[in-house]
Each structure stands twice: as C-alpha cells, then as structure tokens.
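Residue 603 is where the sequence shown starts when you use this note's numbering, and the numbers rise one by one after that.
The beta carbon of each residue, even a glycine, is placed where N, CA and C say it ideally should be.
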Amino acid sequence: MSRSSESDTPIESVYRPKDVQNLDPDVDLGEPGEFPFTRGVYPTMYLTKPWTMRQYAGFSTAEESNRRYHQLIEAGTTGLSVAFDLPTQMGFDSDAPQARGEVGKVGVAIDSLEDMRLLLDGIRLDQVSTSMTINAPAALLLLLYQLVAEEQGIGGAAISGTIQNDILKEYIARGTYIFPPQPSLRLVSDTFAYCRKEIPRWNTISISGYHMAEAGASPVQEIAFTLANAREYVRAAIQSGLAVDEFAPRLSFFFVARTTLLEEVAKFRAARRIWAHIMRDEFGARDPRSQMLRFHTQTVGVQLTAQQPEVNLARVTLQALAAVLGGTQSLHTNAYDEAIALPTQKAATLALRTQQVLAFETDLTATVDPLAGSYAIESLTGDIEEQARDLMAKVADLGGAVAAIEQGFQKAEIERSAYRIARQIDAGERIVVGVNAFTSPADEPYQPLRVDPAIERAQAARLAELRERRDGVRTRRCLDEVRRAASADGNMLYPLRDALRALATVGEVCDALRDVWGIYKPPDVY
603 MSRSSESDTP IESVYRPKDV QNLDPDVDLG EPGEFPFTRG VYPTMYLTKP WTMRQYAGFS
663 TAEESNRRYH QLIEAGTTGL SVAFDLPTQM GFDSDAPQAR GEVGKVGVAI DSLEDMRLLL
723 DGIRLDQVST SMTINAPAAL LLLLYQLVAE EQGIGGAAIS GTIQNDILKE YIARGTYIFP
783 PQPSLRLVSD TFAYCRKEIP RWNTISISGY HMAEAGASPV QEIAFTLANA REYVRAAIQS
843 GLAVDEFAPR LSFFFVARTT LLEEVAKFRA ARRIWAHIMR DEFGARDPRS QMLRFHTQTV
903 GVQLTAQQPE VNLARVTLQA LAAVLGGTQS LHTNAYDEAI ALPTQKAATL ALRTQQVLAF
963 ETDLTATVDP LAGSYAIESL TGDIEEQARD LMAKVADLGG AVAAIEQGFQ KAEIERSAYR
1023 IARQIDAGER IVVGVNAFTS PADEPYQPLR VDPAIERAQA ARLAELRERR DGVRTRRCLD
1083 EVRRAASADG NMLYPLRDAL RALATVGEVC DALRDVWGIY KPPDVY
C-alpha cells in the first residue's frame, strides 16, 4: 500500500541506491561542519555537549514566571525561553482596553523595566542563555533585558540569547503584527546593527517556520517560506548598509518537529543545504558561520490531543527524536497537557526529562549524523530540497516575500495544505490515536493550570503606581524623541533604550511608533 508524506509526495515502499538522485557525495553530502552542512553545522555535533535544552515558559505575572524559571533551572534546563502574553506581543499595556481578558493568559505580562526586573530576579544573565518569543516589539524586550543585565553589572558583551524578531511570518500565519512591513523591516535591520556593536553574542533573529507549520504548512512549505523570508531579511540588512558577514553569523532559525520522523530529519538536512548555497552563491557570504543554518526546534503543538493526553508523551518523544537526528542546536519539548491548558509543573518537568533521557540514556550522542547515507533519508532530502526550491522560486517570481505576502500567496498555500490534512483526518485516511481511532469511552478528570483573572487588575494597579512615581517630564521627552527618530534615518534602538530606561512602558513606546508609522491592515485578498 502506497503512502504519502506530510508534503503530499509519495513514500516508496523500499529505497535503493538508484533512488538517491543527483547526489554528489563530495559536494552535496560532505562532512559534518563543512559546506553545505547537510550533515550538521558543527564537526562534532553532540559528541562533547548535547543540544541546549530550552524549555518555553511564561504565564501570569513576572513573579509567577520567575518561580517557574527557577524550577526549570533546578530541574536541569540549560536555557530559558520566555513566552509573552498577547497584549505584550501586540504592544499594548495590561491596562489598555485591547488587553482586556488576555493579560497573563498565553504568556507573561511585561509592561515596563520593573516587570523585567521581577521576571529575571535571582538569575545571573551572564550565566544563562535566554530566548524570547517576541516579534513586533522584539527590540523593546531585548533592550529591557539588556537594561536589567546592566543593573546586575553585566555588560552587553557578556549576555547571550535570541529574540524571534521575525515579523514577516506574522503577516503570513500568526497575526501579532503592529506596524506595516517596511518600518517593521527597519526595526529588524536596526536590531542587527545595534547588536553587532552593543550585544555581539546575541542572535538577532530566529526566522520561524514553526508558526506556519502550526497553521497547517507542510514540511516543504515550512522551509520554503521560512527561507524566502530569510532572504528578505538579508536583503534589507544589506540595503541598510551592513556587510553580509557582519550580521549573518547571528541569524538563527526556528522549526517544528512532527511525528513523521523520516521526513522531518530530511527536512532539516534539506534546509541546511539550501541555505548554505543561498548565502554563498547569492549573497557572497565568505564566513562559514554566515552559511550555517543554526536552528531551534519545538515539538509540534498542533499534533497534541486533549483526548488521552498521556499519549502525547509518546508523540513528543518521537518529535524530539526527529529534531535530534536532524541536528538541532536547541530543543523545547511540549508538555503532554498543553492541548488542554498551560502546562502544570509536573508536565513541564516530564517534558524536560524526555530530552534528558534522549541525551544521556541513548547512544544518539555517540556519533555524528547517525542517519547519513540512509537511502530513504537521502532520497527524501533530495525530494524536499527540489520542491522547496520550486516553491521559493514562485515567491521570488511574485517579487519576494513581502510582495507575496501582500498578494496573500503564502497564506493561501498554507490554508490549502491545512484543509487537505483536515479532510484526511475527517475521512479516517490519517489516523490520530485517541481522536479518530483507538478511542476510549471517557478520559479521567484532569485539573489544568488556571491563570487568576485578578492579575489583570494587579498589573493595572502596578502601571498606575509606576506612572505616578516616575519622572513624567523625562518620560514624555524620551517618547517625543522616539517619534522624531521614527521619522528620521538613524538607528531606532538608542532612543527606544532611553525611553525604556526612563520607565516608559512597552505600550507607550509602541503608541509613539504607531503615531508615525501607523498600523498594518491586511489586504482583503483572501
């Protein structure tokens, strides 16, 4: 019986050497740590050190999230990953009308420098790497992080981490944009330049396919649209006056890991190969670090089920295995109860333990690229590379990622893929254990983690007290300077930093930028 991959291409029942098409082992496969990095970006990969175990967390107040971070550090996590609530992601303060009912719900509420101090209390920022999932206001949250580090006596050169800062995928699949594309790209480019000078170890962008995958993108669409967006960021940075090898080594990527292990491993290998050729052949990058596709992986949330949630432990283990076999640099494993609510402490710890078992109880770290040379893996890698390049060519023919977004191309393609998968599940052609097959009469009662709605009132009270206490004249002067800078050509991050240091809130700074740049309204083309 023939089967198809997630990208809707045939999977052969048996693979033989002849099925590995167009593979020059000296050029296309190569050695780990060497161009085109098909086999991994580092020659030793996990031989001396496993991937970074970076568990994503953030909910309720800064104090509550801080407690969860300390618990994760004590459990052995090697990197923090901050989830922000929806108002923070959209540049609204917790007391804004638009924030009502959403404060602290899907992440932590950060309104000001004082909230960031509470979030990071007791955590030495020169001893931990922190990833922040934030996009439209990414520069602001990075600056708040830097200001807290300075208060700890730590300079920008000593802190490390990643901001997502990937605004283009927000227009495609996620929706937490604020400003139109061009000023948003300016903020991205200004962040590249600022970090090169002020925070040189920081990864200035995590170009994300994860959210497109969550919206229904196939593996081919996930890497094709992600790499097309990455092309746009590189062009924007070069046009702003940066040389490619000045910023490209700090680019990073963010992908999903599905339960379809073979295709996922091939996807990661194909993505590295495509990106290496783009950076060397198209943009003239000469630094090998500029040609490397380094990526974080998260196990896919959309494949978790509320039915029989414990089965998600098996799913997450398979997904994590795909990420590790595919050569990820860091990994977040979802908790088994995340299809129901925010993860409980027990579930979050079990998710971390899954990674620790893979790292320390298996032989995955004993050899580099253990699946290299597999007929199936190499054939699938070639298939995915070819299809992804074809899809990227379509984006290029439309004028690039931004022009394609404005025409609704990526969104429409992803919606078609999501519809195809949904139809297959509904028809029973695609089995989801516990949902359309192998169901149980009733699941045992489950007590999810709940966020207290009182935190919205507490955050509003804290903001009112902050605005009463701060030097209002200084704050207003700094916000006026933000508006002036937004109309000029200089790097935006310096006036933004001054405003945040003067205790301007995230919402007030974003409002100042809205005054000049306006807000993005998607075209009615779908």
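Taken in chain order, the whole beta strand (DSSP E) runs of length 3 or more contained in the segment 881 to 915 are 897 to 901.
Within the same chain, and ignoring the five residues on either side of G886 in sequence, the residues whose Cβ sits closer than 7 Å to its Cβ are V846. Excluding the 5 residues flanking it on each side, T806 has same chain C-beta neighbours closer than 6 Å at T793, F794, C797 and R852, in chain order.
If you ignore the 5 residues before and after A950, its C-beta comes within less than 6 Å of the C-beta of A937, all in its own chain and listed in chain order. Taking every protein chain shown into account, the CB of T732 has 16 or more other CB atoms within 10 angstroms, so this residue is buried. Looking at the DSSP output, S932 bridges to T654 and H898. Residue burial annotation: D985 is buried, with at least 16 other C-beta atoms found within 10 angstroms of its C-beta.
As for any alpha helix (DSSP H) of minimum length 4 sitting wholly inside the segment 979 to 1014, the runs are 1003 to 1008, ordered along the chain. Cβ contact annotation for L742 (same chain, cutoff 7 Å, sequence separation greater than five): L1098, L1102, V1108 and V1111, in chain order.
W804 is bridged by DSSP to G763.
For A859, the three-state secondary structure derived from DSSP is strand. Taking C-beta separations shorter than 8 Å and ignoring five residues to either side along the sequence, the partners of S1042 in its chain run Q909, Q910 and G1036, following chain order. The three-state reading of DSSP puts V710 in strand, counting E and B together. T735 places its beta carbon 8 Å or farther from that of A1060. A815 is positioned such that its CB atom lies closer than 8 Å to that of V902. The Cβ atoms of F857 and F849 lie no closer than 8 Å to each other. Non-local C-beta neighbours of S820 in its own chain, meaning closer than 7 Å and more than five positions away in sequence, comprise E608, S609, D610 and S1019, ordered along the chain. Runs of the alpha helix (DSSP H) lying entirely within the segment 800 to 846 and spanning at least 4 residues, in chain order: 812 to 816 and 821 to 841. According to DSSP, R605 shares a beta bridge with I613.
About 5 Å separates the CB atoms of A859 and E866; that is less than 8 Å, so the two are in contact. Per DSSP, reduced to three states, the secondary structure at L649 is coil, with no helix or strand assignment. The residue among L1065, D1117, A1104 and L1068 with its C-alpha nearest the C-alpha of A1088 is D1117. Counting only the Cα atoms, Y1096 lies some 14 Å from V790. Nearest in C-alpha terms to L993, of all of G755, S714 and A826, is A826. Relative to the Cα of G681, the nearest Cα in the group H898, L715 and T650 belongs to H898. Sequence-distant partners of Q823 (beyond 5 residues in either direction) whose C-beta falls short of 7 Å from its own C-beta, in its chain, are M814, L993, E1015, I1016 and S1019.
Here the alpha carbons of Q691 and E1067 stand approximately 23 Å from one another. For the options Q673, I801 and N737, the alpha carbon positioned closest to that of A775 is the one of N737. Shown here, T951 sits in a helix according to DSSP, grouped into three states. In the structure shown, S1042 falls within a coil segment according to DSSP collapsed to helix, strand and coil. Shown here, F686 sits in a strand according to DSSP, grouped into three states. Here Q748 is actually not in contact with L954; their C-beta atoms are around 27 Å apart, not less than 8 Å.
For the pair R1086 and W1119, the Cα-to-Cα distance works out to about 11 Å. Under the three-state reduction of DSSP, G1109 is assigned to helix. The shortest C-alpha to C-alpha distance from I942 to any of V708, S696, A990 and Y644 is the one to V708.
Ranked by Cα distance from V1004, the first of D1054, L688 and A832 is A832.
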